[in-house]
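Participant: Residue numbers (my numbering): 8 to 108.
Glycine residues also receive a C-beta, built at the ideal position from the N, C-alpha and C atoms.
Just so we're clear, the structure is a prediction, and the values are computed from it rather than from any experiment.
Sharing a structure here in structure tokens format.
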């Protein structure tokens, strides 16, 4: 039994280096709903109540999140292993378009 009576995970926050680029990517790649919450932040939702926010963390060059911060990630469920393979191919084919490293 958990120590706290939490009913729902409501949100999460991750840093990004470019909120405009991130918004375009998440809308076009995954079809996420977007709510701009400020000049440097936005909240995203897909098929449910859970949302996460992205905050532009770096205003000065280099505008890049340090590679050591790899614990920030998104997890998506797909219906099958085949769907995961197809999603991987799609994302790889769009890597240059969205500057995916």
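For residue 98, which residues in the same chain have their Cβ closer than 8 Å to its Cβ, ignoring the five residues on either side in sequence?
Facilitator: Hits under 8 Å: 36, 107.
Participant: Return the first residue and the last residue of the beta strand (DSSP E) that residue 51 is part of.
Facilitator: From DSSP, the beta strand (DSSP E) with residue 51 extends over 48–52.
Participant: DSSP beta-bridge partners for residue 42?
Facilitator: In the DSSP output, where bridge partners are listed per residue, residue 42 has 50.
Participant: What does the Cβ neighbour count give for residue 49, buried or exposed, with the cut at 16 atoms within 10 Å?
Facilitator: Per the 10 Å Cβ criterion, buried.
Participant: From residue 59 to residue 41, what does the alpha carbon distance come to, in whole angstroms?
Facilitator: Whole-angstrom Cα-Cα distance: 10 Å.
Participant: On the DSSP letters alone, give me the boundaries of the alpha helix (DSSP H) that residue 32 sits inside.
Facilitator: Its alpha helix (DSSP H) spans residues 26–37.
Participant: Check each candidate in 82, 26, 86 and name the one with the smallest Cα separation from residue 57.
Facilitator: Measuring from the Cα of residue 57, the nearest candidate turns out to be 82.
Participant: So for residue 17, helix, strand or coil by DSSP?
Facilitator: In the structure shown, residue 17 sits in coil (DSSP, three-state: anything other than H, G, I, E or B).
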